[in-house]
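Only one structure is covered here, and it is reproduced in the block below.
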Amino acid sequence: MPIISYCNENDFHIQREKGESHHMRKLFVPFIFILVLLLSACGSNSAKDTTENTTTSNESTSSKTDAAGSSSESDSGTFTYQSETGPVEVPSHPQRVVVLTRFLTGNVMALDVPLVGVDEMSKENPNFKEKLANTEAVTDESLEKIIELNPDLIIGLSDIKNVDKLKQIAPTVTYTYGKVDFLKQQLEIGKLVNKEKEAQAWVEDFDARSKKVGEEIKAKIGANATVSVIETFNKQLYVYGEKFGRGTEILYDQFGLGMPDKVKEATKKDGFFAVSNEVLKDYMGDYVIFSKNADEDNSFQNTETYKNIDAVKNNRVFEADAKAFYFNDPLSMEYQLEFFIEHFLGK
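Residue numbers for the sequence shown follow numbering that gives the first Met the number 0, so the first one is 0 and each next one is one higher.
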């Protein structure tokens, strides 16, 4: 900086030449005044440059900080899901999900979310078997196996065991079975795995399609026709009421078909009711869906009591594979809807 150097040099001479003549002082006074002005301008410009540089630097730093904050938020990989038991931090795009209940496996599968562990019954479902061939069978007690699977999300029903230990392995979300209908349940699963739009699209489409089929069926069999759902399980014969899988959601809710009064009363409390072969005829509707498990004792079908039931004599008993008919997830519901279209409408 030549000006600053010059200023310092003259200042040095001022110090050394205090005893010089009045003439020299007269010449020097205006010179000092000029120097003061120059120094003031120099200092002002320097301060201005420093301020501008600092401001620019701060703005740049602030911009980078804002960008980093935004990136951190968007790349965090998690979000808060409001579950029945409170908020749970879950992965935005789960890639290793364990489902500990057969009632929700198909819900997750329908949204193409990768599964690494499911219950044994889900693996036995003929509609799921191929897709779940490489998926491990687990329970709420096989904690070591679940740890080995390294899940990023665990899903189960509200009555699962070891829930606190499971939460230590991965974010764990539970649902109360039957708290909401099958359509709302799928919406909840959609929210959980960050695929709410896909879930909503299926819900709207299936709701419309199934209700349309229901109108066709009622037009064919009569609006007052009744339908019963029966199943053999654990050496016992049962009849089923509303919202208990096995096609009941579609038959009674979506189609709006009638249920025999005796079945409605008997299943009001638990959703199902055990009956003997001797009284089965009292619970049989005009049409019957028999969710048949080939591994169970189905010898009652060979009795005269059964053969003399009106629905049996009129060939209005439609047999379905129980292992594929148990559930009310989207995949199972699509299968059931096709079954009903085929057997009621002959399509």
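Ideal Cβ placement from N, Cα and C applies to all residues, glycine included.
Can you tell me the Cα-Cα spacing of residue i and residue j, whole angstroms?
i	j	result
residue 186	residue 307	44 Å
residue 74	residue 90	Low local confidence applies: a pLDDT of 46 at residue 74 is under 50, so the model's placement there is unreliable, with the coordinate-based value given in what follows. If I take the Cα positions, the gap works out to 11 Å.
residue 217	residue 340	12 Å
residue 291	residue 84	37 Å
residue 282	residue 236	12 Å
residue 418	residue 126	In the structure displayed, the chain extends from 0 to 346; residue 418 sits before or after that span and is not available.
residue 76	residue 189	17 Å
residue 378	residue 112	Because the chain is modelled from 0 through 346, residue 378 falls outside the range shown and cannot be assessed.
residue 289	residue 259	15 Å
residue 97	residue 86	19 Å
residue 348	residue 135	The first residue shown for the chain is 0 and the last is 346, placing residue 348 beyond what the model contains.
residue 264	residue 304	23 Å
residue 81	residue 297	45 Å
residue 250	residue 336	9 Å
residue 124	residue 144	22 Å
residue 221	residue 204	25 Å
residue 201	residue 121	21 Å
residue 66	residue 88	Any reading at residue 66 is ruled out, since the residue's pLDDT is 34, under 50, leaving its predicted position unreliable.
residue 325	residue 137	19 Å
Going by other Cβ atoms of all chains shown within 10 Å of its Cβ, with 16 needed for buried, is residue i buried or exposed?
i	result
residue 171	buried
residue 278	exposed
residue 338	buried
residue 78	exposed
residue 331	buried
residue 133	exposed
residue 194	buried
residue 352	Limits of the chain in this structure are 0 at one end and 346 at the other, which puts residue 352 out of reach.
residue 234	exposed
residue 116	buried
residue 255	exposed
residue 313	exposed
residue 322	buried
residue 319	buried
residue 223	exposed
residue 206	exposed
residue 118	buried
residue 310	buried
residue 293	exposed
Does the distance from the C-beta atom of residue i to that of residue j stay below 9 Å?
i	j	result
residue 99	residue 168	no
residue 173	residue 148	no
residue 151	residue 93	yes
residue 142	residue 219	no
residue 108	residue 130	yes
residue 181	residue 230	no
residue 257	residue 284	yes
residue 276	residue 302	yes
residue 253	residue 183	no
residue 271	residue 238	yes
residue 286	residue 316	yes
residue 110	residue 192	yes
residue 228	residue 246	yes
Go ahead and pull the three-state DSSP assignment for residue i.
i	result
residue 90	strand
residue 114	strand
residue 174	strand
residue 191	helix
residue 267	coil
residue 154	strand
residue 96	strand
residue 281	helix
residue 260	helix
residue 236	strand
residue 85	strand
residue 141	coil
residue 159	coil
residue 224	coil
residue 34	Residue placement at residue 34 is poorly supported in this model, since its pLDDT is 44, which falls under 50; the coordinates still yield a value, given next. Note: residue 34 maps to helix in three-state DSSP.
With a threshold of 8 Å, establish whether the CB of residue i neighbours any heavy atom of the ligand NAP.
i	result
residue 111	Absence of the ligand NAP is noted for the structure shown, with no ligands found whatsoever.
9 Å is my cut-off, CB to CB: does residue i come that close to chain C?
i	result
residue 220	The structure shown contains no chain C; it holds only a single protein chain.
Answer yes if the stretch 232–250 comes into contact with the stretch 175–182, meaning at least three C-beta pairs across the two stretches below 8 Å, and no otherwise. Enough Cβ pairs lie closer than 8 Å, so yes.
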